[in-house]
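Q: Could you have a look at this structure, given as structure tokens, before my questions?
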């Protein structure tokens, strides 16, 4: 079954009903040619491997805490906190406790076109 993505102008509830430790799933909220938004659910102890993406990204912690792992530095984001990473920056995530994060990814234009 395909996941239905948000449509332009649609209002969505980012915080799933229930307690922060419910077994909610990670979902892609929407994907457009220039932008992608995902809600990641990371159970305590879960690590997202180090990786980089070509476009800029933002990470906003919605619930819990998540460690942002950067080369030579770790920063902890708590609920309500936000960070930005430039394209090409190697990073990973680790959830020391159950966490939900909103990730926004800018998709660079192909062939230099806007």
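Residue numbers (the working numbering): 115 to 228.
All C-beta atoms in this analysis are idealised placements derived from N, C-alpha and C, irrespective of residue type, glycine included.
Here the structure is a predicted model, which is why all the values come from computation and not from measurement.
Which residue wins for smallest C-alpha separation from residue 187, given the options 209, 141, 177, 204?
A: Selected option, being the one with the closest Cα: 204.
Q: Assuming residue 220 and residue 164 form a contact by the criterion Cβ under 8 angstroms, report the distance between their Cβ atoms to the nearest whole angstrom.
A: Contact flag wrong, Cβ pair sits at about 20 angstroms.
Q: When you compare each of 212, 175, 183, 209 to residue 196 by their alpha carbons, which one comes out closest?
A: Cα-wise, what sits closest to residue 196 is 175.
Q: Work out the CA separation of residue 153 and residue 139 for me, nearest whole Å.
A: Straight-line Cα distance between these residues: approximately 9 angstroms.
Q: Pop quiz: residue 168 and residue 206 are said to be a contact at Cβ under 8 angstroms. What is the actual Cβ separation, rounded to whole angstroms?
A: That belief does not hold up - the Cβ atoms of residue 168 and residue 206 are roughly 17 angstroms apart, past 8 angstroms.
Q: Going straight from the alpha carbon of residue 183 to that of residue 191, what length do you get?
A: For residue 183 and residue 191, the distance between alpha carbons rounds to 11 angstroms.
Q: Between the C-alpha atoms of residue 158 and residue 180, what's the straight-line distance to the nearest angstrom?
A: Spanning the two alpha carbons is a distance of roughly 9 angstroms.
Q: Check for me: the beta strand (DSSP E) holding residue 181 runs from which residue to which?
A: Its beta strand (DSSP E) spans residues 179–184.
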